[in-house]
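Residue numbers for the sequence shown follow my numbering, beginning at 9 and rising by one.
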Amino acid sequence: MLIDAHCHLDFPDFDADREAVIDRARAVGVTRFVVPGTTRKRWSNVLALGERDDVSVCLGLHPYFMDAHGEGDLDALAQALDDHPEVVAVGECGIDARFDETLEVQWTLFDAQLRLARDRALPVVIHCVRANDQVAKRLRQLELPAGGLIHAFAGSPEQARVFLDLGFTLGLGGAVTFDRARRVHRAVTSLPDDGYVLETDSPDMPLAGHQGERNEPARVAEVCRAVAELRGQSARQVAVASTAAARRLFGLPT
Ligand SMILES: [Zn+2]
9 MLIDAHCHLD FPDFDADREA VIDRARAVGV TRFVVPGTTR KRWSNVLALG ERDDVSVCLG
69 LHPYFMDAHG EGDLDALAQA LDDHPEVVAV GECGIDARFD ETLEVQWTLF DAQLRLARDR
129 ALPVVIHCVR ANDQVAKRLR QLELPAGGLI HAFAGSPEQA RVFLDLGFTL GLGGAVTFDR
189 ARRVHRAVTS LPDDGYVLET DSPDMPLAGH QGERNEPARV AEVCRAVAEL RGQSARQVAV
249 ASTAAARRLF GLPT
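#1: Since Gly68 contacts Leu85 with CB under 8 Å, what's their CB separation in whole angstroms?
#2: In its own chain, which residues sit with a C-beta less than 7 Å from the C-beta of Leu199, not counting the 5 before and 5 after it?
#3: Counting along the chain, where does the beta strand (DSSP E) carrying Phe41 start and finish?
#4: Label Ser242 either buried or exposed according to how many other C-beta atoms from any shown protein chain fall within 10 Å of its C-beta, with 16 as the threshold for buried.
#5: From the DSSP secondary-structure annotation, give me the bridge partner or partners of Val65.
#6: If you draw a straight line from the alpha carbon of Val235 to that of Pro131, how long is it in whole angstroms?
#7: Please report the Cβ distance between Cys66 and Pro225, rounded to the nearest whole angstrom; I am assuming they are in contact, meaning their Cβ atoms lie under 8 Å.
#8: Per DSSP, what are the beta-bridge partners of Tyr204 in this structure?
#9: In angstroms with no decimal places, state the Cα-to-Cα distance between Arg32 and Gln245.
#10: Using 8 Å as the Cβ pair cut-off and three pairs as the minimum, do the segment 122-141 and the segment 186-200 touch?
#11: Just checking, does the segment 32-49 make contact with the segment 207-226 on the three C-beta pairs under 8 Å criterion?
#12: Alpha carbon to alpha carbon, how far is Gly217 from Gly80? Give it in angstroms, no decimals.
#13: Within this structure, are the beta carbons of Leu263 and Val43 separated by less than 8 Å?
#14: Taking only heavy atoms of ligand 1 into account, decide whether any of them is closer than 7 Å to the Cβ of Glu224.
#15: State buried or exposed for Asn52, treating a residue as buried only when at least 16 other CB atoms are found within 10 Å of its CB.
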């Protein structure tokens, strides 16, 4: 049994064959999908998917889509969180330091969402690119009661330890399947059994051997095998540990 702890199943990339994509994932043992929010405009699609028994949803404002966010979106997010108790986390939110020109506004939006998560005791799903140390510093100041997910973790064992000590869980995805990703391999080996979940970030973050293809949740089984090999464990052990960690993090049904 596997959980894809982070996949954008609401994206238009899946409009033509969403059911088939979900069926393929179920066929390899994926029993639950956690779908994060990205922009206010897409929240209704995310919430609609959340009506399925096997989908859990988050709502947030993603730093990659800064052009899509406007005034009033943060108030709308607070309202949506109040209106939808089925939402399991705030996110996806965070910092993408590849986009220098929006960095200041990114921090304003991220900070506000961290506070929403703190005030509601919800976990937060964090997109963090080239900003691990700054994000960790801010998390240490805020002390979020329900922790959260560092999605698509690609840092060092030392950075992993910092996030774990802050009560966060690390999301392992396609990045770990690349042979040259030595630093994150060392991090994967160093994690405790309850320190990570598996994810695909579908349709993005293709795995090794699938570059240029649309990613899909069935591939979380390949991520599971790659993590198992790195950790010297069986795929079954990794499936059990990561599923338990995802349930604990998001308060998912068993
Ligand atoms: Zn994502």
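Idealized CB from N, CA, C, for every residue including glycine.
These numbers come from a predicted model, not from an experiment.
So, from the listed chains and residues:
#1: 7 Å
#2: Ala168 and Leu178
#3: Val38 to Val43
#4: exposed
#5: Val43
#6: 24 Å
#7: Contact flag wrong, Cβ pair sits at about 16 Å.
#8: Leu178
#9: 22 Å
#10: no
#11: yes
#12: 42 Å
#13: This structure does not reach residue 263, given that the chain is present from 9 up to 262, and the question cannot be answered.
#14: no
#15: Note on identity: in this sequence residue 52 is Ser, with Asn being the wrong assignment. By the 10 Å Cβ count, Ser52 comes out exposed.
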